[in-house]
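Okay, structure first, notes after.
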Amino acid sequence: MATEILMPALSPTMEEGTLAKWLKKEGDKVSAGDILAEIETDKATMEFEAVDEGTLGKILVAEGTEGVKVNDPIAIMLEEGESADDIDTDAGSKPAAEAPAPKAAEAKSAVNEAPEPELNPNLDPDWPEGTEMKTQTVREALRDAMAEEMRKDENVYLMGEEVAEYQGAYKISQGLLDEFGDKRVIDTPITEHGFTGIAVGAAFGGLRPIVEFMTFNFAMQAMDQIINSAAKTLYMSGGQMGAPMVFRGPNGAAARVGAQHSQDFSAWFAAIPGLKVVIPYSAADAKGLLKSAIRDPNPVIFLENEILYGKSFEVPVLDDFTVPFGKAKIWREGSDVTIVSFGIGMTYALEAAEKLAEDGISAEVIDLRTLRPIDYDTVLASVQKTNRCVTVEEGFPVGSIGNHLSAVIMERAFDYLDAPVINCTGKDVPMPYAANLEKLALVTTDEVIEACKKVTYR
Amino acid sequence: MAARKSSGTSAKPGANVSKDELLNYYRDMLLIRRFEEKAGQLYGMGLIGGFCHLYIGQEAVVVGLEAAAKEGDKRVTSYRDHGHMLACGMDPKGVMAELTGREGGYSKGKGGSMHMFSKEKHFYGGHGIVGAQVPIGAGLAFADKYKGNDNVTFAYFGDGAANQGQVYEAYNMAELWSLPVIFVIENNQYAMGTSVARSTKSASLWKRGAAYGIEGEEVDGMDVLAVKEAGEKAVAHCRAGNGPYILEVKTYRYRGHSMSDPAKYRTRDEVQKMREERDAIEHVRQLLITGEHASEDDLKAIDKDIKSVVNEAAEFSKESPEPALEELWTDIYAKVAPQNA
């Protein structure tokens, strides 16, 4: 029976890719293990192998096609004795629903296809009016930020696992080795505790290290050096020396990678005096904030998100674009409820605001952008206007950023509140692997909408 | 360690050493000892709080290695750090005032015994978490290599820290990247109350470096000349771009792990025997006298001089005021330079 060959998912978060090249042509005999095609994701180019033997009957997606969705049929394989004429009927008989992945993609649409806000997000713009803009992914913006700062200051260097020759496990450092060489773009062994300590020492010694953690889950191995050595030395030395450096990498849940690889550490790091904590949502913020982080004379935790890496935003075309720490961004003005979020939480916040608008509820959406320092004033001013607040984050509920904000709002704007503040967070469970349970464990747009309706008594 | 090991190839210990050198070692080691004795006293009087780890007995290690260093070389160590600070030329007043938690201390009273630093003297702490200073030391060496100078870093740690995983992570990268760092294992034979024999089957700690391709050797840490000679060899190795080197310096601390350690894990006799037979200061004193480099009176004059330096430090540490209350809120963040918009 002719079988469809489907566009493969080559990483946990891949939703589509480019069919770069067919290495077999129609009519070719194929053995299991033969390379059929090269597929390009936003992270890498992968070879795609045949699983069964047969004949490549028909190529459905021409090479060079971009944006091929995972699980779309890309070719038809024939078994012995079949001919290309059998293809149409056989292919048609295969229900698309048989493949589970499109469902998973649908489930994640809340994350990946959050509508761009309709209102002008630059209520307090980070760049001059009329600035030329270009569309960039968060991934590209992060790379550009590092490259620009490395050109500017030769003491800035990047170290981490697979950052150099592999071009970054998530391709953030793509091209940096070529431009800056192996003195400044350094592959480390898998040894987080050790290389973090070395980077702290290098910062004491006058360099400006950027430490990439392949994911922040692995930074747990290096927690002592981050907290005890990097964050506290300036204080312990009476101001004589500190650790000007950046710790960056993806933080939070990716997709289907289980409990040890899915965790949002925002609130942990935000608890530590001596650290600065940055968690961008948009590409412009990723770029502007990372440049500020690299220049900052303090240790900065820079929390990225794997799912946001491939998302595109408008980024200003400026010679030297930076975003200051401690300044929240109002993405959407509103009058009925304030939604405060940061990082990937913004996708839920913005989507909820969009849907709430359809029901006549006007939500103001604030992106904190940095958690240390934290822009309380913008949050409080908004709450004084809307009299209601919902916080949104993916992290665990106990000791969350939302908990902290609730306390601050209660202390400083109690009389303005018309309803208790609600914290929408991830659930109080380790991240499960099963797709349906994972979805349940994360905060959802529906929960945000429900919370907003509750505080507005609708 | 019953018999004293020779300090190398020279037939007679001290034969190749000048009078001035010997006098300097004597003075530097004596300063550490008297300073630590005074610190112990002030602790007993309640003027020093918290943890206080004295270096008494180990003086030859840091004094010998400092003799092999040049300006620009860096050092980083654990919480048993007073000796290292004095040996690299930090002001005893500033160190003692930090112990008493006063404004005149190296960290304005905010660091304490375990956390002092001096940019000027290239002393990078003072680290309270056992072993953490080892990758930091490799990182300091990384910075020097990156900048292309010929400085080396001395990363000191104890036999206890030698069992921390990050030490070996640092070894691996230091050799991989040929970092100019000397890993100095100050093996004083007890990690708090656990003897080396009770914590590892590999009695020779320096030999673990072989697994990473790092050369090293054992050194008699009660003989300042032997330490200096080994230090010079290690420094030459590092400065020549050959990567790291390990020195396992066999030494002994006379006092407890910290002030609150009753030291029930070893006998009084063991300590007494060390003091009587192997004391590093007494060793140099003998060399000075037998070599006719100094008379008893000369040495008495030095003792007196040191005593007054230590007393001044103690006085300063008592008189220096406590830090202003506003200091609670300073030095948490370094100021961000204004961005040129």
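In the order they appear, the protein sequences are chains E and W.
For reference, each letter of the first sequence is one residue, going 937 to 1394 in my numbering.
For reference, each letter of the second sequence is one residue, going 65 to 405 in my numbering.
Backbone N, C-alpha and C define an ideal beta-carbon position, used for all residues, glycine too.
For E:D1160, the nearest beta carbon of chain W is closer than 8 Å to its own beta carbon. By the neighbour-count criterion, in which 16 or more other beta carbons inside 10 Å mark a residue as buried, W:I345 falls on the buried side. Minimum Cα-Cα distance from W:C302 among the listed residues W:A205, W:Y143 and W:S171 corresponds to W:A205. In this structure, E:V1004 sits away from E:A945, with a CB-CB distance that is not shorter than 8 Å. Taking the Cα of W:G158 as reference, the smallest distance to any Cα among W:H179, W:V231 and W:V140 is reached at W:H179.
With its beta carbon less than 8 Å from one in chain E, W:Y210 belongs to the interface. Scanning the stretch 1322 to 1360 of chain E for uninterrupted alpha helix (DSSP H) segments of 4 residues or longer gives 1337 to 1349, listed from N- to C-terminal end. Judged by beta-carbon spacing, E:Y1093 lies within the 8 Å limit of E:P1145, meaning their Cβ atoms are closer than that value. Between the alpha carbons of E:F1238 and E:T1071 lies a gap of roughly 22 Å.
Contact of W:M160 with chain E is not assigned, every C-beta pair being separated by 8 Å or more. Listed in chain order, the positions of the stretch 1126 to 1142 of chain E with a beta carbon within less than 8 Å of a beta carbon of chain W are T1127, H1129, G1130, F1131, T1132, G1133, I1134, A1135, V1136, G1137, A1138, A1139, F1140, G1141 and G1142.
The DSSP-derived three-state label of W:M93 is helix. Around the beta carbon of E:A1370, fewer than 16 other beta carbons lie within 10 angstroms, which makes this residue exposed. Within chain W, the C-beta atoms nearer than 9 Å to that of E:K1119 come from Y210, in chain order. According to the DSSP assignment, W:Y232 belongs to the alpha helix (DSSP H) that extends over G229 to L240. E:S1277 is positioned such that its CB atom lies closer than 8 Å to that of E:D1303. Judged by DSSP in its simplified three-state form, W:I396 adopts coil rather than helix or strand.
At a beta-carbon threshold of 7 Å, the residues of chain E lying near W:K183 are Q1176 and M1177, ordered along the chain.
Cβ proximity to chain E below 8 Å picks out G190, H191, G192, I193, A196, V198, P199, I200, G201, A202, G203, L204, A205, F206, A207 and D208 from the stretch 190 to 208 of chain W. C-alpha of E:Q1320 to C-alpha of E:V1391: approximately 14 Å in a straight line. Residue contact with chain E for W:T164: absent (no Cβ-Cβ distance below 8 Å to any residue of chain E). Between the stretch 200 to 215 of chain W and the stretch 1190 to 1200 of chain E, the count of C-beta pairs closer than 8 Å stays below three; the two stretches do not touch. The beta carbon of E:W1063 lies closer than 7 Å to those of P1252, L1254 and F1257 in the same chain, with the five residues before and after it left out. Taken in chain order, the complete beta strand (DSSP E) segments of 3 or more residues contained in the stretch 1140 to 1208 of chain E are 1144 to 1148 and 1181 to 1186.
In this structure the stretch 191 to 201 of chain W does not touch the stretch 1083 to 1098 of chain E; the number of beta carbon pairs closer than 8 Å is below three. At a cut-off of 8 Å, the C-beta of W:T354 has no neighbouring C-beta in chain E. Annotated as proximal: E:S1318 and E:E1300, with beta-carbon spacing under 8 Å.
Residue burial annotation: E:I1275 is buried, with at least 16 other C-beta atoms found within 10 angstroms of its C-beta. Legend: CB atoms of the stretch 375 to 399 of chain W lying less than 8 Å from CB atoms of chain E belong to residues T394, D395, I396, Y397, A398 and K399. If you look at E:Y1284, you'll find it in the alpha helix (DSSP H) that goes G1281 to E1294.
Every beta strand (DSSP E) of 3 residues or more that sits fully in the stretch 189 to 270 of chain W is shown, in chain order, as 217 to 222 and 245 to 251. In this structure, the CA atom of E:V1136 is about 32 Å from the CA atom of W:K265. The Cβ-Cβ distance between E:I1012 and E:E940 falls below 8 Å. In terms of Cα proximity to E:P1209, the closest of E:L1307, E:D964 and E:D1364 is E:L1307. In the displayed model, E:A1011 falls within a strand according to three-state DSSP. Residues of the stretch 1215 to 1248 of chain E that bring their beta carbon within less than 8 Å of a beta carbon in chain W comprise S1228, R1231, D1232, P1233 and N1234, in sequence order.
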